[in-house]
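A.B. asks: Below you'll find the structure I mean.
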Amino acid sequence: RVEEPRWQKAWDDNQSFVVNTDDKRDPYYVLEMFPYPSGRIHMGHVRNYTLGDVVARFKRARGFNVLHPMGWDAFGLPAENAAMEKKVHPATWTYDNIATMRQQLKSMGLSLDWAREIATCHPEYYRHEQAMFLDFLEAGLVYRKEASVNWDPVDQTVLANEQVIDGRGWRSGALVERKKLSQWFFKITAYSDDLLSALDSLDRWPDKVRLMQKNWIGRSEGLRLRFDVAGDKKDGIEVFTTRPDTLFGASFVAISPDHPLAAKLSGLRADIKDFIDECHRTGTSEAAIETAEKMGFDTGLRVTHPFDETWELPVYIANFVLMGYGTGAIFGCPAHDQRDLDFARKYDLEVLPVVIPEGSDPAGFEVGAEAYTGPGKLANSEFLDGMSVDQAKAETAKRVEAQGRGKREVNYRLRDWLVSRQRPWGCPIPMIRCEKCGYVPAEDLPVLLPDELKFESAGNPLVSHPTWKHVDCPQCGGAAERETDTCDTFVDSSWYFARFADPNSEAPVNKDAAAYWLPVDQYIGGIEHAILHLLYARFFTRGLHKFGYAKVDEPFSSLFTQGMVCHETYKNAAGEWVTPDEIEKRDGKAYLKGSDVAVEIGSSEKMSKSKKNVIAPETIIDVYGADTVRWFMLSDTPPERDIEWTDEGAAGCWRFVQRLWRLVEEAGELPAPGTAPEGASELPAPGTAPEGASELRRATHRAIAAVTDDVEHLRFNRAVAQIYTLAGMIDAKAAPADRREALESLVLLFAPMMPHLAESCWQALGHATLVVDAPWPKADPALVRSDTLTIAVQVNGKRRGEITIPAEASEDSVKAAAMADDGVLRSLEGKAPKRIIVVPKRIVNIVV
RNA sequence: GCGGGCGUGGCGGAAUGGUAGACGCAACGGACUUAAAAUCCGUAGGGCCGCAAGGCUCGUGUGAGUUCAAGUCUCACCGCCCGCACCA
2 RVEEPRWQKA WDDNQSFVVN TDDKRDPYYV LEMFPYPSGR IHMGHVRNYT
52 LGDVVARFKR ARGFNVLHPM GWDAFGLPAE NAAMEKKVHP ATWTYDNIAT
102 MRQQLKSMGL SLDWAREIAT CHPEYYRHEQ AMFLDFLEAG LVYRKEASVN
152 WDPVDQTVLA NEQVIDGRGW RSGALVERKK LSQWFFKITA YSDDLLSALD
202 SLDRWPDKVR LMQKNWIGRS EGLRLRFDVA GDKKDGIEVF TTRPDTLFGA
252 SFVAISPDHP LAAKLSGLRA DIKDFIDECH RTGTSEAAIE TAEKMGFDTG
302 LRVTHPFDET WELPVYIANF VLMGYGTGAI FGCPAHDQRD LDFARKYDLE
352 VLPVVIPEGS DPAGFEVGAE AYTGPGKLAN SEFLDGMSVD QAKAETAKRV
402 EAQGRGKREV NYRLRDWLVS RQRPWGCPIP MIRCEKCGYV PAEDLPVLLP
452 DELKFESAGN PLVSHPTWKH VDCPQCGGAA ERETDTCDTF VDSSWYFARF
502 ADPNSEAPVN KDAAAYWLPV DQYIGGIEHA ILHLLYARFF TRGLHKFGYA
552 KVDEPFSSLF TQGMVCHETY KNAAGEWVTP DEIEKRDGKA YLKGSDVAVE
602 IGSSEKMSKS KKNVIAPETI IDVYGADTVR WFMLSDTPPE RDIEWTDEGA
652 AGCWRFVQRL WRLVEEAGEL PAPGTAPEGA SELPAPGTAP EGASELRRAT
702 HRAIAAVTDD VEHLRFNRAV AQIYTLAGMI DAKAAPADRR EALESLVLLF
752 APMMPHLAES CWQALGHATL VVDAPWPKAD PALVRSDTLT IAVQVNGKRR
802 GEITIPAEAS EDSVKAAAMA DDGVLRSLEG KAPKRIIVVP KRIVNIVV
């Protein structure tokens with residue numbers, strides 16, 4: 002039987018995973034995204050940390066000095082909720098959770114250097130974050146600006162987007178309002194171009210993540226231009242457009258409800274104020290704004306067309322125009338933009354096509370329900386007529402610039418990073434507000450969170466705390482107040498990978514240790530972080546570089562994004578979710594345990610409390626052991642795809658663990674460890690003639706080659722299949738020396754995946770050392786090659802036969818063999834081939 | 001709404017443009033057993049022909065296209081999933 006705690010202790014005693022910078026081996030840094038200490042680990046963690054652990058153990062076996070640390074992303078909203086419910090300090094709840102989860106992670110047998118453990122809520126971590134905030138401030142990368150928040154008028158608190166449910170506060174049920182607050186921002190847009198262009202260098206990131214980041218940064222070239230207010234040439238509305246070519250198709254101008262002009266108008270007219278209030282009833286999230294029904298309000302204001310003073314366009318306030326992008330105002334060309342077209346149809350505005358697709362008649366071309374966004378020739382556009390879209394863009398821009406009415410501009414969708422959070426359980430922003438001096442950096446770092454946080458009254462406890470915020474101004478010494486906003490938790494996770502290089506450093510980041518370890522060689526985590534966390538970490542690393550802490554700009558040289566862990570869902574007759582524990586299955590149907598009450602089996606979905614389809618890892622580890630759970634996470638499903646947890650699959654993995662153990666236990670009489678296998682002159686014997694080598698030896702070396710390649714590329718499901726195949730080939734009839742080689746190789750190959758079982762097997766095979774210290778096996782190329790090949794022969798692309806040929810057969814001999822095959826002759830029916838295509842070592846296709 | 005992804009047997013999946021279904025799960029048949037479990041051996045995409053060996057044919061969400069050859073490339077469509085800046 003596999004004794005997991007025993008081996009975990011052996012690794013501990015051996016200090017197997019403790020690493021230092023003074024090591025002759027090459028460094029390799031494996032990191033999985035650190036967990037939020039929510040209470041217990043979930044299957045998503047198990048998958049993430051299993052994947053990372055395989056990489057770490059594999060690289061270690063291949064001779065690298067592997068850094069594999071663990072920590073806790075410990076600030077955040079759930080601790081505040083727990084504090085409110087359970088009347089405890091968020092810190093108490095958080096540290097309790099960390100203790101539980103640390104034990105759970107240890108039970109998985111992860112090859113972690115626990116000496117480097119960090120928690121972002123610990124003052125020893127966040128004091129450095131505060132110091133870096135001041136670094137960013139000094140570098141001019143921090144500033145204050147007004148921004149909208151979701152405001153709960155009953156609870157008197159700011160709500161996170163996820164706390165807004167159907168436009169109402171989750172706790173109070175009150176209709177949420179949008180409210181403006183002055184808040185702290187990081188100037189990430191200073192790096193827009195750099196963050197975008199450096200994506201090209203991240204060639205070991207998934208293409209989809211790079212594409213998502215590219216679209217998120219959203220570089221677009223366009224024109225900023227001013228529309229004059231009719232009858233008032235001094236006043237104008239600036240719009241940004243990427244389609245200046247369509248200017249003659251304009252039929253309205255629309256401004257955001259948050260536009261300064263909208264604010265001015267709302268002060269003058271009650272109906273406009275009502276409309277803007279209406280717009281503000283949707284949440285602040287982009288999804289909420291964009292999916293809301295398009296609404297517009299004609300302000301009565303008119304602007305004149307830049308190229309025709311007699312042409313007046315109405316000015317609308319429209320709920321789909323975002324203040325955060327461009328100038329917060331657009332001109333609408335309904336014929337060539339779908340959203341403008343929907344708007345024009347709703348408010349009965351003109352739709353004039355100005356770009357005519359090639360081959361269409363300008364007079365007869367009409368836009369119906371769909372806007373035309375393709376290429377074509379300009380029409381109905383005076384001096385632009387007949388031009389291509391690109392020519393017309395350039396010409397319009399030239400004339401607008403000549404008029405002094407605007408200029409060409411590159412715009413980014415990326416907005417500056419709002420880091421202020423009106424919450425007590427976060428890293429305090431180290432600023433002090435003085436009536437006389439304005440905002441002044443705190444000098445007494447760390448700015449500690451108070452030991453007491455009371456959640457009884459509405460609003461932020463840091464604001465209502467009796468003493469915490471009252472301090473003297475560091476500059477003038479007068480009475481002043483601390484900033485009560487804390488940092489977005491994304492700030493905490495934007496530099497933790499650098500802290501791991503030396504978690505006890507007096508500086509935020511030990512630059513020597515960072516130079517040795519950074520960048521992270523392999524970063525692994527959920528696809529849900531593909532944009533924000535990774536982008537913020539990339540930005541922060543540029544800061545670390547600028548302030549002299551790091552020598553790199555990019556934090557993660559290779560990125561892997563894993564899929565989610567899913568499970569079937571169950572619902573009772575009343576349509577309520579039912580947990581997997583409450584049901585049993587008979588003949589593929591589900592019933593409430595011990596009854597005939599049928600339960601509906603629903604689709605497989607991401608494990609979540611709300612759908613009650615969560616399987617607790619600790620119970621599975623109790624029943625089957627950590628190795629079984631790890632094996633399940635690696636088997637079958639490619640790691641980047643969603644995996645479905647099934648009881649049958651888990652039981653199957655457990656049986657395989659047993660089978661491997663039996664295979665070793667019942668191996669019978671084997672030569673002593675280190676004896677050369679038969680057919681090999683010595684151990685190893687690379688490249689020597691494999692004459693007489695057994696099928697088992699060949700299979701062993703093929704498996705070593707394949708698993709090595711698969712693990713190197715994180716194709717764990719394929720590596721698992723290779724291990725099954727090799728295990729299936731080991732039988733008692735093989736020569737004892739070959740069997741020893743096969744068994745030892747097998748154990749070494751699955752050791753990164755099932756480390757406890759591997760140690761037990763290694764010991765049973767007569768080794769006194771730990772498998773964790775054994776080097777990775779080497780495949781003998783001579784044994785991986787095969788001398789003969791069986792390839793298919795097609796006639797007109799259909800498989801009609803197969804031939805067995807020497808691996809190095811000449812093209813002519815392959816052709817001859819193909820033409821002699823019975824099945825081929827039958828289907829040729831005597832016809833002469835027109836062409837014979839021979840793809841060496843692959844296939845022959847005879848075309849008749 | 002915008003952005004990204006996925007779709008192959010009963011199920012998870014494999015397949016540098018080159019024998020579709022490796023490997024596993026479930027299933028079925030056999031061995032072992034008083035019996036069951038466990039274990040071991042074997043079978044298996046659908047249809048048709050054949051006693052059999054084997055052969056024919058259809059088949060990777062749908063429809064078109066490129067190619068000697070398409071699960072793989074191109075276009076259009078359908079379905080499902082994820083992200084959207086205050087969840088982490």
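The opening position of the first sequence corresponds to residue 2 in our numbering, with each subsequent residue numbered one higher. All C-beta atoms in this analysis are idealised placements derived from N, C-alpha and C, irrespective of residue type, glycine included.
#1: Please report the residue range of the beta strand (DSSP E) in which Cys567 lies.
#2: Curious, which full-length beta strand (DSSP E) runs of at least 3 residues does the segment 280-343 contain?
#3: On the three-state DSSP scale, how would you describe Asp153?
#4: Take Asp259 and list the residues in its own chain whose beta-carbon comes closer than 6 Å to its own, dropping the five residues that flank it on each side.
#5: Can you say whether Lys378 is buried or exposed, counting buried as having 16 or more other CB atoms within 10 angstroms of its CB?
#6: Measuring straight from C-alpha to C-alpha, what distance separates Leu727 and Trp777?
#7: Taking the beta strand (DSSP E) that Ser605 falls in, what are its first and last residues?
#8: How would you call Arg836, buried or exposed, if buried means at least 16 neighbouring beta carbons within 10 angstroms?
#9: Since Thr397 contacts Leu385 with CB under 8 Å, what's their CB separation in whole angstroms?
#10: May I have the straight-line CA-CA distance separating Gln339 from Ser257, to the nearest angstrom?
#11: Would you mind reading off the limits of the beta strand (DSSP E) that contains Phe186?
#12: Look at the alpha carbon of Val150 and the alpha carbon of Asn162, and state the distance between them as a whole number of angstroms.
#13: Taking only the alpha-carbon atoms, compute the straight-line gap between Trp217 and Trp185 and give it to the nearest angstrom.
#14: With a floor of 4 residues, list each alpha helix (DSSP H) that falls wholly inside the segment 515-566, ordered by position along the chain.
#15: Suppose you measure from the CA of His466 to the CA of Ala132; what does that come to, to the nearest Å?
#16: Report yes if the CB atom of Arg58 is closer than 7 Å to the CB atom of Ser112, and no otherwise.
#17: Apart from the five residues just before and just after Arg63, which ones in its own chain have a Cβ nearer than 6 Å to its Cβ?
#18: Thinking Tyr517 and Thr51 are a contact (beta carbons under 8 Å), I'd like their distance in whole angstroms, please.
#19: Out of Val356, Ala700, His43, which one is the CA nearest neighbour of Arg740?
#20: For a test of the three-state rule: what should DSSP assign to Glu812, helix, strand or coil?
#21: On the three-state DSSP scale, how would you describe Cys428?
#22: Tell me whether Lys60 is buried or exposed, calling it buried when 16 or more other Cβ atoms sit within 10 Å of its Cβ.
#23: At the level of alpha carbons, what is the spacing between Met829 and Lys209?
#24: Report buried or exposed for Ala319, applying the criterion of at least 16 other Cβ atoms within 10 angstroms of its Cβ.
#25: Which same chain residues end up closer than 6 Å to Ala92 when comparing Cβ atoms and leaving out the 5 residues on each side of it in sequence?
#26: Give me the Cα-Cα distance between Pro431 and Leu446, rounded to the nearest whole angstrom.
#27: What are the partner residues of Cys488, as DSSP defines its beta bridges?
#28: To the nearest angstrom, report how far apart Leu463 and Val390 are at their CA atoms.
#29: What does the Cβ neighbour count give for Ser787, buried or exposed, with the cut at 16 atoms within 10 Å?
#30: Between the alpha carbons of Asp232 and Leu302, how many angstroms are there, rounded?
#31: Does the beta-carbon distance from Arg48 to Val825 come in below 7 Å?
#32: Among the residues of its own chain, which have a CB less than 6 Å from the CB of Ala833, if the five just before and after it don't count?
#33: Per DSSP, Gly802 forms a beta bridge with which residues?
#34: Going by the CB atoms, is the gap between Val772 and Glu760 shorter than 7 Å?
#35: Would you call the segment 297-317 in contact with the segment 196-216, where contact means no fewer than 3 C-beta pairs closer than 8 Å?
#36: Determine the direct distance from the alpha carbon of Gly110 to that of Phe501, and round the result to whole angstroms.
C.D. replies: According to the structure shown:
#1: On the first sequence, residue 567 is found 566 positions in, with the first residue counted as 1. That run of the beta strand (DSSP E) goes 566-572.
#2: 297-306, 309-319, 330-333
#3: Residue mapping note: residue 153 aligns to position 152 of the first sequence, counting from 1. It is a strand residue.
#4: On the first sequence, position 258 is the one that residue 259 refers to. Within the same chain, Asp259 has close Cβ partners Met324.
#5: For the purposes of this step, residue 378 is taken as residue 377 along the first sequence, with counting starting at 1. Under this definition Lys378 is a buried residue.
#6: Numbered from 1 along the first sequence, position 726 holds the residue referred to as residue 727. Numbered from 1 along the first sequence, position 776 holds the residue referred to as residue 777. For Leu727 and Trp777, the distance between alpha carbons rounds to 17 Å.
#7: Against the first sequence, residue 605 aligns to sequence position 604. From DSSP, the beta strand (DSSP E) with Ser605 extends over 599-607.
#8: Counting from one through the first sequence, the residue named residue 836 turns up at place 835. Label assigned to Arg836: exposed.
#9: By one-based count along the first sequence, residue 397 stands at place 396. By one-based count along the first sequence, residue 385 stands at place 384. That pair is a contact at about 7 Å.
#10: Sequence index remark: in the first sequence, residue 339 carries index 338 (1-based). Sequence index remark: in the first sequence, residue 257 carries index 256 (1-based). Distance between the alpha carbons of Gln339 and Ser257: 18 Å.
#11: Taking the first residue of the first sequence as position 1, residue 186 is located at position 185. Element bounds for Phe186: 178-187.
#12: In the first sequence, counting from the first residue as 1, residue 150 sits at position 149. In the first sequence, counting from the first residue as 1, residue 162 sits at position 161. Taking the straight line from one Cα to the other gives about 9 Å.
#13: Numbered from 1 along the first sequence, position 216 holds the residue referred to as residue 217. Numbered from 1 along the first sequence, position 184 holds the residue referred to as residue 185. Trp217 and Trp185: Cα-Cα distance of roughly 21 Å.
#14: 533-547
#15: In the first sequence, residue 466 corresponds to position 465, counting from 1. In the first sequence, residue 132 corresponds to position 131, counting from 1. In a straight line, the C-alpha of His466 is about 24 Å away from that of Ala132.
#16: Here residue 58 is taken as the residue at index 57 of the first sequence, counted from 1. Here residue 112 is taken as the residue at index 111 of the first sequence, counted from 1. Going by C-beta atoms, Arg58 is nearer than 7 Å to Ser112.
#17: By one-based count along the first sequence, residue 63 stands at place 62. Contacts found: Trp777.
#18: As a working note, residue 517 is residue 516 in the first sequence. As a working note, residue 51 is residue 50 in the first sequence. Wrong, their Cβ atoms sit about 27 Å apart, outside the cutoff.
#19: Position 739 of the first sequence, counted from the first residue, corresponds to residue 740. Of the listed residues, the one whose Cα sits closest to Arg740 is Ala700.
#20: Counting from one through the first sequence, the residue named residue 812 turns up at place 811. Correct three-state label for Glu812: helix.
#21: Counted from its first residue, the first sequence places residue 428 at position 427. Residue state, collapsed to three classes: coil.
#22: Sequence index remark: in the first sequence, residue 60 carries index 59 (1-based). When all chains shown are included, Lys60 counts as buried.
#23: Sequence index remark: in the first sequence, residue 829 carries index 828 (1-based). Sequence index remark: in the first sequence, residue 209 carries index 208 (1-based). The sequence as given places Leu at residue 829; Met does not occur at that position. Roughly 47 Å separates the two Cα atoms.
#24: Here residue 319 corresponds to residue number 318 of the first sequence, with the count starting at 1. Buried, because 16 or more other Cβ atoms sit within 10 Å of the Cβ of Ala319.
#25: As a working mapping, residue 92 is identified with position 91 in the first sequence. There are no such residues.
#26: Taking the first residue of the first sequence as 1, we reach residue 431 at position 430. Taking the first residue of the first sequence as 1, we reach residue 446 at position 445. For Pro431 and Leu446, the distance between alpha carbons rounds to 8 Å.
#27: For this step, residue 488 is matched to residue 487 along the first sequence. DSSP, once it has assigned bridges, lists Ser421 as partnering Cys488.
#28: Counting from 1 along the first sequence, the entry for residue 463 is found at position 462. Counting from 1 along the first sequence, the entry for residue 390 is found at position 389. Approximately 56 Å between the Cα atoms of the pair.
#29: Along the first sequence, one-based indexing puts residue 787 at 786. By the neighbour-count rule (16 or more Cβ atoms within 10 Å), Ser787 is not buried but exposed.
#30: Counted from its first residue, the first sequence places residue 232 at position 231. Counted from its first residue, the first sequence places residue 302 at position 301. A small fix is needed here, since residue 232 is Gly in this sequence, not Asp. Each residue's Cα considered, the two are about 10 Å apart.
#31: Locating residue 48 in the first sequence gives position 47, where the first residue counts as 1. Locating residue 825 in the first sequence gives position 824, where the first residue counts as 1. For Arg48 and Val825, no; Cβs fall outside 7 Å.
#32: Start at 1 with the first residue of the first sequence, and residue 833 comes out as number 832. Closer than 6 Å at the Cβ level, and outside the excluded window around Ala833, lies no residue.
#33: Taking the first sequence and counting its residues from 1, the one referred to as residue 802 is at position 801. Gly802 pairs with Val794.
#34: Taking the first residue of the first sequence as position 1, residue 760 is located at position 759. Taking the first residue of the first sequence as position 1, residue 772 is located at position 771. Their beta carbons are under 7 Å apart, which means Glu760 touches Val772 by this criterion.
#35: no
#36: Here residue 501 refers to the residue found at position 500 of the first sequence. Here residue 110 refers to the residue found at position 109 of the first sequence. Those two C-alpha atoms are separated by around 20 Å.
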